[in-house]
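Asks: Sequential numbering of the sequence shown, starting at 4, is according to the working numbering.
All C-beta atoms in this analysis are idealised placements derived from N, C-alpha and C, irrespective of residue type, glycine included.
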Amino acid sequence: MKRIGVLGGCFDPPHIGHMIHAQLASCFFELDNILFIPAAAPPHKDAFASYEARVRMTELSIEGNKDFKVSTIEKEKNLSYTVETLSELKLNHPDSRLFLIIGSDEYDMFNTWRDPEAIIVMAELIVLPRRTATVRDTDTTRKVYFPDFPMIEVSSSMIRTRLKEGKTINYLVRDKVRDYINETNLYKEC
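#1: Alpha carbon to alpha carbon, what distance is there between threonine 75 and tyrosine 148?
#2: Using the three-state DSSP reduction, which class does serine 64 fall into: helix, strand or coil?
#3: Contact between the stretch 165 to 172 and the stretch 21 to 41: three or more CB pairs below 8 Å?
#4: Within 10 angstroms of its Cβ, does valine 198 collect 16 or more other Cβ (buried), or is it exposed?
#5: Between the alpha carbons of isoleucine 105 and glycine 8, how many angstroms are there, rounded?
#6: Grab me the residues of cysteine 13's own chain with a C-beta within less than 8 Å of its C-beta, minus the 5 sequence neighbours each way, in chain order.
#7: Measure how close the beta-carbons of glutamate 127 and arginine 100 come, nearest whole angstrom, since I'm counting them as under 8 Å.
#8: Rounded to whole angstroms, what's the CA-CA distance from aspartate 108 to leucine 131? Just pull it up for me.
#9: Where does arginine 2 land, buried or exposed, given buried means 16+ other C-beta within 10 angstroms?
#10: Hey, would you say glycine 11 sits closer than 8 Å to threonine 61, going by beta carbons?
#11: Cβ atoms of valine 157 and proline 16: under 8 Å apart, would you say?
#12: Near arginine 117, what residues of its chain come up, given a Cβ to Cβ distance below 7 Å and the 5 sequence neighbours on each side ignored?
#13: Report back the beta-carbon spacing between glutamate 66 and lysine 179 to the nearest angstrom; my notes put them in contact at under 8 Å.
#14: How is isoleucine 122 classed by DSSP in three states: helix, strand or coil?
#15: According to DSSP, simplified to helix, strand and coil, what is isoleucine 76?
#16: For threonine 115 and methionine 4, what's the separation of their Cα atoms in angstroms?
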């Protein structure tokens, strides 16, 4: 049975924290691959860059890693709800185990998501550490895992702020992503 990690987000822009945590999850949970799913229209926040730009930056971020793939499954959606995306993934990959990768700050709000119990039925949760969230123990009965991964103190909003202030983002994103941002003048007006 194939084991697929699912990492959704705005990826506005994708950064080293996304990549490091995805690689750790891939190794620790023996995932066959990880799908990076840029949200077309997330219900909880606005994107600064276009969907196409965020997909392109995500592609540049994972370039060279054969186990990482970008999915545009949410491209045509008005709003992107995790439960609907997982439902579609289950239809496309019926013989696979799905592992939804989220931050502990998102898990703190998990009960407010659309149909959280259906999400738990369709996917096991890998909850990554965040400084602002509650620390919990793994709940194997619900298939919710809290691996002891390092906290990566990088965020997309921090990167956008640094760009607006004219500061470097070297080492926070892959060089190809930095170059794409500079070439397309993304985030100058954030």
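Replies: According to the structure shown:
#1: 26 Å
#2: The answer is helix: DSSP assigns serine 64 an H, G or I state.
#3: When Cβ pairs closer than 8 Å are counted between the two stretches, the stretch 165 to 172 is seen not to touch the stretch 21 to 41, the count staying below three.
#4: Given that the chain is displayed from residue 4 to residue 193, the structure contains no residue 198 and the question cannot be resolved.
#5: 10 Å
#6: Pro41, Ala42, Pro45, Lys48, Ala50, Arg57 and Ser159
#7: 7 Å
#8: 9 Å
#9: Here the chain covers residues 4 to 193 and nothing more, so residue 2 does not appear.
#10: no
#11: Taking 8 Å as the Cβ cut-off, proline 16 and valine 157 do not qualify as a contacting pair.
#12: Tyr84 and Val86
#13: 7 Å
#14: helix
#15: coil
#16: 31 Å
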